[in-house]
Amino acid sequence: MKEMPPPAPQSATTAPKRRFRPRRVALAVFVFGQLLLWCAYAFGSGVLHPPVDGVPLARIPPSFGAPRDGGRSRHQGIDILAPRGTPVRSAAWGIVVSIEKQPRGGKVVFVLGHGALLFFYAHLNDYAPGLHVGQIVSKGTLLGYVGDSGNAKGVTHLHFETRPAAILFAPIDPLRLMEPRRARPAERILTALATVGEPW
Ligand SMILES: [Zn+2]
7 MKEMPPPAPQ SATTAPKRRF RPRRVALAVF VFGQLLLWCA YAFGSGVLHP
57 PVDGVPLARI PPSFGAPRDG GRSRHQGIDI LAPRGTPVRS AAWGIVVSIE
107 KQPRGGKVVF VLGHGALLFF YAHLNDYAPG LHVGQIVSKG TLLGYVGDSG
157 NAKGVTHLHF ETRPAAILFA PIDPLRLMEP RRARPAERIL TALATVGEPW
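Given below as structure tokens:
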């Protein structure tokens, strides 16, 4: 039996030198982030539901990105006007990760869930009885009630934000997630790249 010739050694001398390429790394991180974002969209398609009882999607005005503080910042979510005490329900399943009182957001709830999204509900009048950190909520679980706590004084509404982990929790327009098929890809990306500024 003929002996097989040993495989030719991979030439180490001709291989290109490995160099750190920051632009390639940045591109790879961006593409990977976008892929995760698309996954979030895929899971979110048509599943998120409006978080305030009695206010259907069609009656929620777009207010994401609107100028705030005299144009120095942009609105990071959407405002859903409703009478005080209207039930606020989880837009998707998830886990309650924080229940806080903030100077501007007032009584707020953070839920991490569905599509690696962080959901933020602010200006609550009160929390749902027994609501606690670590609680698993499903779509429609009562989180609290519409109010004007924080800097919303006199204007009872829910401030609602969606922040995908895929883009380091930068906010995107919740309306886009509620009806993703209406948004064109370029719009989605632009919306997703909205800068992190003031969280409300
Ligand atoms: Zn707001």
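Be aware that the sequence shown starts at 7, since it is given in our numbering, and climbs by one per residue.
From the three backbone atoms N, C-alpha and C, an ideal C-beta is built for every residue, glycine too.
Quick one: what does DSSP say I173 is sitting in, helix, strand or coil? helix
Using C-beta distances below 8 Å, list every residue in its chain close to R90, excluding the 5 sequence neighbours before and after it, in chain order. N131, Y151, V152, G153, D154 and T162
Going by DSSP, what residue range makes up the beta strand (DSSP E) through L123? L123 to Y133
Nearest to I105 (by Cα), restricted to the options H129, L123 and A34: H129
Applying the criterion that 16 or more other CB atoms from any shown protein chain within 10 Å of the CB defines a buried residue, is G140 buried or exposed? exposed
Residue range of the alpha helix (DSSP H) that P180 falls in? P180 to M184
With a 10 Å radius around its C-beta and 16 neighbouring C-beta atoms as the bar for buried, classify G60 as buried or exposed. exposed
Using DSSP with H/G/I as helix, E/B as strand and the rest coil, what is V115? strand
In its own chain, which residues sit with a C-beta less than 8 Å from the C-beta of K107, not counting the 5 before and 5 after it? K113, V114 and S155
Can you tell me where the beta strand (DSSP E) holding D85 begins and where it ends? I84 to L87
Same chain only: Cβ atoms within 7 Å of G100, ignoring 5 sequence neighbours per side: V117, L118, G119, H120, F125 and V143
Taking all protein chains shown into account, decide if L149 is buried (16 or more other Cβ within 10 angstroms of its Cβ) or exposed. buried
Under 7 Å from any heavy atom of ligand 1, does the C-beta of D85 make it? yes
Below 7 Å, is the gap between the Cβ of H138 and the nearest heavy atom of ligand 1? no
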